[in-house]
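Quick note, the sequences are listed as chains A and B, same order. So that you can map any letter, position 79 of the first sequence is 83 in the numbering used here, and since no number is skipped, the others follow by simple counting. So that you can map any letter, position 18 of the second sequence is 22 in the numbering used here, and since no number is skipped, the others follow by simple counting. Virtual Cβ for every residue (Gly too), placed ideally from N, Cα, C. As the structure is a computational prediction, the values presented were derived from the model and not from experiment.
Number of protein chains: 2
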Amino acid sequence: MDETMGRRARKKARTRQALADAALELFLERGYDAVGVREVAEAADVSVTTLFKHFPSKEALVFDLDEDLEAGMVAAVRDRAPDCSVLDALCAHLVRTRLCLHSGEPDVRAFYAMVEATPALREYQDRMWLRHETALAAVLAEAAGAPEGDLRSVALARFALEAPQLVRGAEDPEAAMREIFGLLERGWDGGGQAPPDRRA
Amino acid sequence: MDETMGRRARKKARTRQALADAALELFLERGYDAVGVREVAEAADVSVTTLFKHFPSKEALVFDLDEDLEAGMVAAVRDRAPDCSVLDALCAHLVRTRLCLHSGEPDVRAFYAMVEATPALREYQDRMWLRHETALAAVLAEAAGAPEGDLRSVALARFALEAPQLVRGAEDPEAAMREIFGLLERGWDGGGQAPPDRRA
DNA sequence: CCGTAAAAGTGCAACGGCTAAACTTTCTTA
DNA sequence: TAAGAAAGTTTAGCCGTTGCACTTTTACGG
C-alpha cells in the first residue's frame, strides 16, 4: 500500500478493495445474479450508499481494472515491432487479452467463466471495451498520419473492437480474428479514396 | 381490425394498441424519463402486470414496429436493382431509414427527436438493429453464394449495421456512410482469401 | 495548535422497472 | 355445456440506484 498517499487515501483504497474482494468472492460462490448489492455491502461491512460512492454500478464491482486495459491496448499499437503493421499488432493484442481466457491460473479461469455465463456481465464487458474506442481511434489516426477524429480511424477502431465479440463461438476464434483483420486491412490499406462510385 | 382473428385476439390487439398509444402520447407530451410504467398502464386502463405481458420492457413500448424494419432491410438487399451492388443497396437503405429522420410528417419528426434526446432510447434502438444481424448476414451470404453463417457475411452484417451509429454527428452523415461502405467494399470485394500474411 | 472545511461514511427512505403467485373473468372448443 | 386456455387483476415485493440529512475522520492554513 503506497506510503505517499496519506492516511485518508489509504483508508479509501482499503474499503474499495474490501468491496471488490467481497463482491468477487460472493459472486464466484453463488453466482452474480444471486447476490444482491445489499449483501455485498454488508460483507464488506459498509453501507450500500458507500458502495455506490466507490463503484458506479453493480457490474463495475467485477471489472475493477478497465483503465489498465485501455493503456495496454494503446501501447500495443504504439510500441509495436517495426516490421509489424498496426492491424497485426492490434489483432495479436486482442487475441491475447480477449480470446485466450482458457489459460492462466484457475482463479482467472473461474472469473472469466462467470463473466461468460452471465449475460449482464458479458454485455457490460463488451460496452466497456467500446468505451475505449476513441482512445484507440486516436492512436490509429496518429499511426496513419491522419487528423484526430478522422472517420476512417474511428470506424476502424470500432470494427476492430467488435471483432472479438463476433468471433466468439467460432471453431477457431484466433483464425477467425485474423480473417476479419485481413478484410479490414484490405479496405483500409490503400489510398484515401473509395473505389469508383458505380452510382453514376 | 382483422375479422379472421376471433373476438379474443381482437381484444388482445386492442389492449396492446391502447398501451402503445397511451405510451407514445405521454412520452411525447412529458418526456420518456418523466413518465413511469405505472402511469402508462393506468392511462391505458390496464394493470402494470398486463403491460409487461404485452411488452417485454418499457423501451419496447416505443418501438412497436421492429419486425417490419428487418423485413424491409432484407428486401432492400434481395430485391435490389440488377446494376446495384449489395453494399450500395444496403447503404442506400440504411441512409433512408436511419439517417433521414428530418423528413416526413411532424409526428414522425417529433418521435425521432424524442428518441434522439433520450439516451436510454438511443441505446435500445441501436441494440434493436443489431438484433437483425443474423437475418442480414443470411441474405448477404445468399447474395455472395457463401454458406449460411459464413464469417465474412456475419462480420459484414455487423459492421454495416453499426455504420449509422458511427456517422451520427458527422457534418455530412450521408457522405460518411458512403465512405465507410467504400472501405468495406474494398475489403470484401475480392476473392475469399486474405492478403499475403506478413507474419512469416 | 486549533478551528474549520472537505471528504468518507452512515442510515433511511424512497423511486422506478420488473416479476411471482394466486385468483377472476372471458372466450374457445371438443 | 363442461372444461380449459388465455387475458387480465391484485397484491406484494425484489432489486439497483439515488437523495437527503447527518456523524466522523482527516487535512490544512492562520
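Through-space distance from residue j to residue i, alpha-carbon basis
i	j	result
GLN21 (chain B)	THR138 (chain B)	29 Å
ALA63 (chain B)	GLN169 (chain B)	Sequence inspection shows Glu at residue 63 (chain B); the Ala mentioned does not correspond to that position. Their Cα atoms are separated by approximately 18 Å.
MET132 (chain B)	ALA48 (chain B)	25 Å
ARG34 (chain B)	VAL99 (chain B)	30 Å
VAL205 (chain B)	PHE31 (chain B)	Only positions 5 to 204 of chain B appear in the structure, and residue 205 (chain B) is not among them; the question remains open.
LEU125 (chain B)	PRO110 (chain A)	40 Å
ARG182 (chain A)	TYR116 (chain A)	23 Å
HIS106 (chain B)	GLY191 (chain A)	31 Å
ARG42 (chain B)	ASP83 (chain A)	55 Å
ALA179 (chain B)	GLU166 (chain A)	23 Å
VAL119 (chain A)	TYR128 (chain A)	9 Å
ALA114 (chain B)	CYS104 (chain B)	13 Å
ASP130 (chain B)	GLY10 (chain A)	45 Å
LEU134 (chain A)	LEU73 (chain A)	12 Å
VAL143 (chain A)	ALA174 (chain B)	20 Å
SER61 (chain A)	ASP193 (chain B)	43 Å
ASP25 (chain B)	ALA121 (chain B)	20 Å
ALA67 (chain B)	ALA75 (chain B)	Reading the sequence as shown, one finds Phe at residue 67 (chain B) and not Ala. Approximately 15 Å between the Cα atoms of the pair.
THR19 (chain A)	ARG12 (chain A)	11 Å
PRO86 (chain B)	ARG14 (chain B)	42 Å
SER89 (chain B)	SER89 (chain A)	31 Å
Own chain residues within Cβ distance below 8 Å of residue i, not counting five before or after
i	result
ALA45 (chain B)	LEU23, SER51, VAL52, THR54, LEU55
ALA80 (chain A)	ALA93, LEU94, ALA96, HIS97
PHE185 (chain A)	LEU91, ASP92, LEU94, CYS95, ALA164, ALA167
Neighbourhood of residue i by C-beta, 6 Å cutoff - its chain only, sequence neighbours within 5 removed
i	result
ALA145 (chain A)	GLU152, ASP154, SER157
ALA27 (chain A)	VAL44, LEU65
ALA141 (chain B)	SER157, VAL158, ALA161
PRO177 (chain B)	LEU103, VAL171
GLY108 (chain B)	none
Proximity to residue i [Cα-Cα], best of the options
i	options	result
HIS58 (chain B)	B:PRO168, B:LYS16, B:GLY173	B:LYS16
ALA148 (chain B)	B:LEU91, B:GLU71, B:LEU32	B:LEU91
MET77 (chain B)	B:ALA38, B:THR101, B:ARG172	B:THR101
ASP70 (chain A)	A:ILE184, A:GLY194, A:PHE185, A:HIS136	A:HIS136
VAL112 (chain A)	A:ALA75, A:ALA150, A:ASP37, A:GLU29	A:GLU29
TYR36 (chain B)	B:PRO86, B:PRO123, B:SER89	B:PRO123
Interface flag, residue i vs chain A, CB-CB below 9 Å
i	result
ALA150 (chain B)	no
ALA159 (chain B)	yes
ALA64 (chain B)	no
ARG84 (chain B)	no
GLY76 (chain B)	no
GLY40 (chain B)	no
LEU155 (chain B)	yes
GLY194 (chain B)	yes
Residue i at chain B interface by Cβ criterion, 9 Å
i	result
TRP133 (chain A)	no
ARG102 (chain A)	no
GLY108 (chain A)	no
ARG212 (chain A)	This structure leaves residue 212 (chain A) out entirely; chain A is present only between 5 and 204.
LEU144 (chain A)	no
GLY35 (chain A)	no
Cut-off 7 Å between Cβ atoms - residues of its own chain near residue i, not counting five sequence neighbours on either side
i	result
PHE163 (chain A)	LEU188
ARG203 (chain A)	Only weak support exists for where ARG203 (chain A) lies, its pLDDT of 46 falling under 50; the value from the coordinates is given anyway. For ARG203 (chain A), where only same-chain residues beyond five positions count, there are no Cβ hits under 7 Å.
ALA150 (chain A)	ARG156, SER157
In chain order, what residues of the segment 161 to 175 of chain B put their CB closer than 8 Å to some CB of chain A?
ARG162, PHE163, GLU166, ALA167, LEU170, VAL171, ALA174
Near-chain A residues of the segment 180 to 191 of chain B (beta-carbon distance less than 9 Å), N- to C-terminal order:
ALA180, ARG182, GLU183, ILE184, PHE185, GLY186, LEU187, LEU188, GLU189, ARG190, GLY191
- Item | Interface residues of the segment 7 to 23 of chain B facing chain A [CB-CB below 8 Å] | none
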